[in-house]
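Structure first, then comments.
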Amino acid sequence: MKSIQRPQLFVASCLALLVTSLSFGIRAGILNKLGVDFGLDKAELGTIAATAFWGFPLAVIIGGIVVDIIGMKRLLVFAFVFHLLGIVLTIFSGKFGNPFWALFFSTLFIGIANGTVEAACNPLVTALYPENKTTKLNHFHLWFPGGIVLGTLIVYFFDKVALSWQVQVGIMLIPTLIYGFLFSKLKFPVTERVASGVSTSEMYRSLGNPLFIFMLICMFGTAITELFTGQWIDVLLRNITDNALLVLTVSTGVMVIGRALAGPIVERLAPQGVLLMSAIVATIGLYLLGNTSGNMIFAGALIFGAGVCYFWPTMLGFVSEYLPKTGAIGLNLMGGAGMFAVSVYMMLMGGVYDRLIAEKLPAGANLKEYGAPEATLEMKNALAEANKAAGPEIINTTLIIPAILIVAFIGLNIYIRNKNKQLQAA
Numbered sequence: 007m008k009s010i011q012r013p014q015l016f017v018a019s020c021l022a023l024l025v026t027s028l029s030f031g032i033r034a035g036i037l038n039k040l041g042v043d044f045g046l047d048k049a050e051l052g053t054i055a056a057t058a059f060w061g062f063p064l065a066v067i068i069g070g071i072v073v074d075i076i077g078m079k080r081l082l083v084f085a086f087v088f089h090l091l092g093i094v095l096t097i098f099s100g101k102f103g104n105p106f107w108a109l110f111f112s113t114l115f116i117g118i119a120n121g122t123v124e125a126a127c128n129p130l131v132t133a134l135y136p137e138n139k140t141t142k143l144n145h146f147h148l149w150f151p152g153g154i155v156l157g158t159l160i161v162y163f164f165d166k167v168a169l170s171w172q173v174q175v176g177i178m179l180i181p182t183l184i185y186g187f188l189f190s191k192l193k194f195p196v197t198e199r200v201a202s203g204v205s206t207s208e209m210y211r212s213l214g215n216p217l218f219i220f221m222l223i224c225m226f227g228t229a230i231t232e233l234f235t236g237q238w239i240d241v242l243l244r245n246i247t248d249n250a251l252l253v254l255t256v257s258t259g260v261m262v263i264g265r266a267l268a269g270p271i272v273e274r275l276a277p278q279g280v281l282l283m284s285a286i287v288a289t290i291g292l293y294l295l296g297n298t299s300g301n302m303i304f305a306g307a308l309i310f311g312a313g314v315c316y317f318w319p320t321m322l323g324f325v326s327e328y329l330p331k332t333g334a335i336g337l338n339l340m341g342g343a344g345m346f347a348v349s350v351y352m353m354l355m356g357g358v359y360d361r362l363i364a365e366k367l368p369a370g371a372n373l374k375e376y377g378a379p380e381a382t383l384e385m386k387n388a389l390a391e392a393n394k395a396a397g398p399e400i401i402n403t404t405l406i407i408p409a410i411l412i413v414a415f416i417g418l419n420i421y422i423r424n425k426n427k428q429l430q431a432a
């Protein structure tokens, strides 16, 4: 490890994750504008947004399989190339005859880049800090909500000065070029699994462990609770509050602080205790987001952010600590499973959202006609009221997921406690 520049590699990893999170934050802020500019309905917007989430698992699973073969450095070169392609294609999407497909493929490229960053950087962090994995994964992943905060603030303030969404997307080029340069100059370690001498066949056998399968299923729920809500919050709450994007900023700002302070909390509660606490708090926060108005929405965002802040890195940390033989592919299957679940859920709920809105319009109303620029004032008011009622319904539908996680993580805590007692008795 002496020849490995640990702090520099960690900083470069954080910058790569910053680009990933900026793509989420900026897209969440411009999603509504894309719909207006290109005449896209909620189902089409849901499909475009979901593309990033299934491009991610595609890349993260393939990356998990090949990372020990080609090395983490080459994977990050691929991430750099796909980030550049995705960002540039998004900026010029309006130049194509069908902007839907330009946005679809540009978002796919960014999703592939994001997944490749995750595929390389999660095992890189555990290899750099084998003595402190869950805490350092939380420190690394604080740059995800951190980038979302920056992204939403960029959208908010750039809108105030009337800068286009193309300029907002172009901001992502700056950290992309910096992390690409840094990684090109640094020497990388081997993954923790390779360093510890665990064979490839043993790694694949470990993926059949019932505890790993259980955590994989729980990852579906933790990822949907965090990422679906965050990505769609501006659309869902725009008609409830004039500061819907700032609601996202509040929740993600809390996540940054929470992950920065993860060390003593993880030490006190252990990963499984942190996950149970997170599920309880996230459920309360999501309930408030879907059932309150005015300033109470910001209270709900604060509580929700505190709930979901530890989900992703602590799920990875638990697997790395309790199931280390699953190696890089174990970590990356977890990330891939989470993003795949979000993509499916997002496409499903985009259609449900359109249906809920249509049900609240006058009988026989055409949703696209009501959302068209030439719609009458009466039609626009009716659509605004339909949106106002439908958004919280989507949030309340999602509420069942963290509620189920509470039960699952109570079971996990009981299992680990009993397992520890058995080890002590032996």
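Sequential numbering of the sequence shown, starting at 7, is according to our numbering. The beta-carbon is built from N, C-alpha and C at its ideal position, and this holds for glycine as well.
Any idea if residue i is buried or exposed, counting beta-carbon neighbours within 10 angstroms, 16 or more meaning buried?
i    : result
G203 : exposed
N424 : exposed
I180 : exposed
V42  : exposed
M355 : buried
I76  : exposed
V139 : Per the sequence shown, residue 139 should be read as Lys rather than Val. Looking at its Cβ environment, which holds 16 or more other Cβ atoms inside 10 Å, K139 is buried.
T53  : buried
V66  : buried
L383 : exposed
Y1   : The requested residue 1 does not occur in the structure, where the chain is confined to residues 7 to 432.
I219 : exposed
C20  : buried
S190 : exposed
T206 : exposed
E365 : exposed
G153 : buried
F150 : buried
N120 : buried
P63  : buried
V173 : exposed
E124 : buried
G377 : buried
N104 : exposed
L429 : exposed
M261 : buried
R199 : buried
K427 : exposed
A266 : exposed
P171 : What sits at residue 171 in the sequence shown is Trp, not Pro. By the neighbour-count rule (16 or more Cβ atoms within 10 Å), W171 is buried.
Taking C-beta to C-beta, are residue i and residue j nearer than 7 Å?
i    : j    : result
L322 : L337 : yes
G236 : P398 : no
G186 : F86  : yes
I412 : I286 : yes
L114 : G61  : yes
V25  : T182 : yes
T288 : G313 : For the sequence presented, residue 288 should be read as Ala rather than Thr. Taking 7 Å as the Cβ cut-off, A288 and G313 qualify as a contacting pair.
L81  : T132 : no
P408 : T231 : yes
P319 : N144 : yes
L15  : L192 : yes
F234 : M352 : yes
L188 : A18  : yes
V253 : I263 : no
L282 : F415 : yes
P129 : T197 : yes
M78  : F194 : yes
T404 : T255 : no
A229 : A126 : no
M221 : V325 : yes
Quick one: does residue i have its CB under 7 Å from some CB of chain B?
i    : result
G311 : In the structure shown, chain B cannot be found, because there is only a single protein chain.
Do three or more CB pairs link the region 113-132 to the region 48-64 at distances below 8 Å?
yes
Do the region 382-401 and the region 90-97 meet, that is, are 3 or more Cβ pairs less than 8 Å apart?
no
Can you give, in chain order, each stretch of the alpha helix (DSSP H) that sits fully within the region 258-330 and has at least 4 residues?
268-297, 301-314, 317-328
The region 268-279 contacting the region 158-178, beta-carbon criterion three pairs below 8 Å:
no
Quick check for students: name the residue ranges of the beta strand (DSSP E) that lie wholly in the region 24-50, counting only runs of 3 or more.
none
If you pair each beta-carbon of the region 320-334 with each one of the region 304-312, do three or more pairs fall below 8 Å?
no
Segment contact flag, the region 32-48 with the region 170-180, C-beta cutoff 8 Å, min 3 pairs
yes
Every unbroken alpha helix (DSSP H) within the region 52-109, with a cutoff of 4 residues, ordered by chain
78-97
At least three beta-carbon pairs within less than 8 Å, the region 209-227 to the region 355-371:
no
Please give the ranges of any beta strand (DSSP E) in the region 149-176, keeping only runs that are unbroken, at least 3 residues long and fully inside the region.
none
Complete alpha helix (DSSP H) runs within the region 373-417 (minimum length 4 residues, chain order):
373-377, 383-404
Counting only runs of 4+ residues fully inside the region 181-225, write out the alpha helix (DSSP H) ranges in chain order.
198-201, 206-212
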